[in-house]
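*Asks:*
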Amino acid sequence: MDFPNFLIQLLNSVQYGLLLFMLAAGLTLIFGIMGVVNLAHGSFYMLGAYLAWSLAAKTGSLVLAIVLGTVLSVLFGLVLERVLFRQFYRRGHLDQVLLTFGLIYIFEELRSIAWGDDVHGVPVPQVLSASIPLTDNLSYPVYRLFMSGLCVLLALGLYLLISKTRLGMKIRAGAFNHEMTEALGVNVKLIHAVVFALGVGLASIAGMIAAPVSSVYPNMGSQVLIMCFVVVVIGGIGSVRGALIAALLVGLVDTFGKVLLPQVAGMLVYMLMAAVLLWKPEGLFRQ
13 MDFPNFLIQL LNSVQYGLLL FMLAAGLTLI FGIMGVVNLA HGSFYMLGAY LAWSLAAKTG
73 SLVLAIVLGT VLSVLFGLVL ERVLFRQFYR RGHLDQVLLT FGLIYIFEEL RSIAWGDDVH
133 GVPVPQVLSA SIPLTDNLSY PVYRLFMSGL CVLLALGLYL LISKTRLGMK IRAGAFNHEM
193 TEALGVNVKL IHAVVFALGV GLASIAGMIA APVSSVYPNM GSQVLIMCFV VVVIGGIGSV
253 RGALIAALLV GLVDTFGKVL LPQVAGMLVY MLMAAVLLWK PEGLFRQ
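In the numbering used here, each residue's number is its place in the sequence shown (first place is 1) plus 12.
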């Protein structure tokens, strides 16, 4: 592998890893802070992709579709948490698994009714449709760099929100000691609603920005869900920093594995997970 090809695969792995982090961050926040096992998290990724397709077709702008889709998905997360998930915080993980597993089928049927079962493509915005030449024959799409840059900005914003703001302090306190935080006058129910909506929003944004690259098709959320759980387990359940590092590791292993070892590429990510768990059963970072 020459250097230009290595650079392209490296950029692809970073972009894929950052996209996985967008998904895994929401999942690990919801589980680490609220204690909810959400198997339907991949459906929010699918929701974002379909919102990007439908809103971009109506508005003529993918950027505007992402903004509108983010607002709609956050509102959807608030309603879903209030109506359904709030009733399951005190119940066992088995009940949560059954609930969210059922939601996968409900969301798929609603998706089929609303948008049909065809495969759709989302055009890349004209301003981002160029490519950066690396050699005479190789170039790299600007849109993929845009995806990586947006993911980095959102990751930085998530870090600042959790670590440097009063809301983040309340979120951390609620995750550490729910009862004491509530006794001190913090509205923990509101904190849970905000965290759940934030997780839904992050997953939806990941789906929206990935739509022009991966297309929009049925069951697309189920395919990313397993990889998302792998990232959470490797990074450490409840750790956003661990999710970021694990997502980048998974991106590197998966991307270079498909290029260098295609015969066993499907196993490499799970071998990485097994190796990490043998070394540190709690994941790379604790909650």
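C-beta: ideal position from N, C-alpha, C; glycine also.
Since the model is a prediction, treat every value here as computed from it, not as a measurement.
How far does the beta strand (DSSP E) with Y152 in it reach, from first residue to last?
*Replies:* Taken as a continuous stretch (DSSP letters only), the beta strand (DSSP E) holding Y152 covers S151 to P153.
*Asks:* Report yes or no: do the segment 256 to 270 and the segment 203 to 223 share at least 3 C-beta pairs separated by less than 8 Å?
*Replies:* The answer is no - the segment 203 to 223 does not touch the segment 256 to 270, with fewer than three Cβ pairs under 8 Å.
*Asks:* Closest by CA to Y155, which one among W291, S175, E294 and N24?
*Replies:* If we check each option's Cα against that of Y155, N24 comes out closest.
*Asks:* Based on DSSP bridge pairs, tell me the residues matched to S143.
*Replies:* Paired residues: P153.
*Asks:* Report yes if the C-beta distance between L214 and L30 is below 9 Å; otherwise report no.
*Replies:* In this structure, L30 does not lie closer than 9 Å to L214 by Cβ.
*Asks:* Hey, out of L150, Y28 and E191, whose CA is closest to C163's CA?
*Replies:* Out of L150, Y28 and E191, Y28 has the C-alpha closest to the C-alpha of C163.
*Asks:* Could you give the DSSP three-state label for V79: helix, strand or coil?
*Replies:* Looking at V79 - three-state DSSP - the assignment turns out to be helix.
*Asks:* Would you check if the distance between the CB atom of A37 and the CB atom of V228 is smaller than 9 Å?
*Replies:* It is not a contact, given that the beta carbons lie outside the stated cut-off.
*Asks:* Is the number of C-beta pairs between the segment 241 to 255 and the segment 277 to 285 that are closer than 8 Å three or more?
*Replies:* Cβ pair count under 8 Å is three or more, so yes.
*Asks:* Are the beta-carbon atoms of M58 and F97 separated by less than 9 Å?
*Replies:* It is not a contact, given that the beta carbons lie outside the stated cut-off.
*Asks:* Mark H204 as exposed unless 16 or more other C-beta atoms lie within 10 angstroms of its C-beta, in which case mark it buried.
*Replies:* So H204 counts as buried.
*Asks:* State the Cα-Cα distance for the pair K201 and L290, rounded to the nearest angstrom.
*Replies:* Between K201 and L290, the C-alpha separation is close to 37 Å.
*Asks:* Give the single residue among A259, F119, A187 and V236 whose Cα lies nearest to the Cα of S160.
*Replies:* Comparing Cα-Cα distances from S160 to each of A259, F119, A187 and V236, the minimum goes to A259.
*Asks:* Hey, how far is the Cα of E93 from the Cα of F208?
*Replies:* Answer to the nearest angstrom: the Cα atoms are 7 Å apart.
*Asks:* Using the Cβ count rule (16 or more neighbours within 10 Å means buried), how would you classify G308?
*Replies:* Outside the displayed range of the chain (13 to 299) lies residue 308, so it cannot be described from this structure.
*Asks:* Mark G3 as exposed unless 16 or more other C-beta atoms lie within 10 angstroms of its C-beta, in which case mark it buried.
*Replies:* Outside the shown range of the chain (13 to 299) lies residue 3, about which nothing can therefore be said.
*Asks:* Per DSSP, which residues does V228 bridge with? Please list them.
*Replies:* In DSSP, V228 forms a bridge with H132.
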